[in-house]
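Peer 1: To start, I am sharing the structure in question, which I have written as structure tokens.
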Amino acid sequence: MHGREGLGPVRADKSGFVQLYKTDPKTYLLLYQNIARELCRRLRKAGERIAALEDALHAATGERAPR
């Protein structure tokens with residue numbers, strides 16, 4: 054599979070995933086793993102941003118939140 058330039062986000066519903074699972078389980082698994090990997094990456098980055106904002110807030114106010 055080759056990506057196309059300018060290709061935007063793709064929307065898929067549950068029935069599309071079920072159909073893919075039934076017709077091509079290997080591709081389904083790859084897609085599922087890639088979605089999970091991307092979700093984890095985004096959550097990790099969000100957590101890092103939140104921690105940085107907390108640190109900046111505490112540095113500005115001189116207070117430390119309990120952890």
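Under the numbering used here, the first residue of the sequence shown is numbered 54, with each subsequent residue one higher.
Idealized CB from N, CA, C, for every residue including glycine.
A quick note: this is a predicted structure, and the numbers were derived from the prediction, not measured.
Quick one: Cα of C4 to Cα of G100, how far?
Peer 2: Outside the displayed range of the chain (54 to 120) lies residue 4, so it cannot be described from this structure.
Peer 1: Determine the DSSP secondary structure at A65, reduced to helix, strand or coil.
Peer 2: Coil.
Peer 1: Looking at the structure shown, is D77 part of a helix, part of a strand, or coil, going by DSSP?
Peer 2: In the structure shown, D77 sits in coil (DSSP, three-state: anything other than H, G, I, E or B).
Peer 1: Does DSSP put R97 in a helix, in a strand, or in coil?
Peer 2: R97: helix per DSSP, three-state reduction.
Peer 1: Nearest to F70 by CA position, among L96, L83, E91, is which residue?
Peer 2: Ranking L96, L83, E91 by Cα distance to F70 puts L83 first.
Peer 1: Please report the straight-line C-alpha distance between R97 and A89, rounded to a whole angstrom.
Peer 2: Answer to the nearest angstrom: the Cα atoms are 12 Å apart.
Peer 1: With DSSP collapsed to three states, give me the class of E116.
Peer 2: The answer is coil: DSSP assigns E116 none of H, G, I, E or B.
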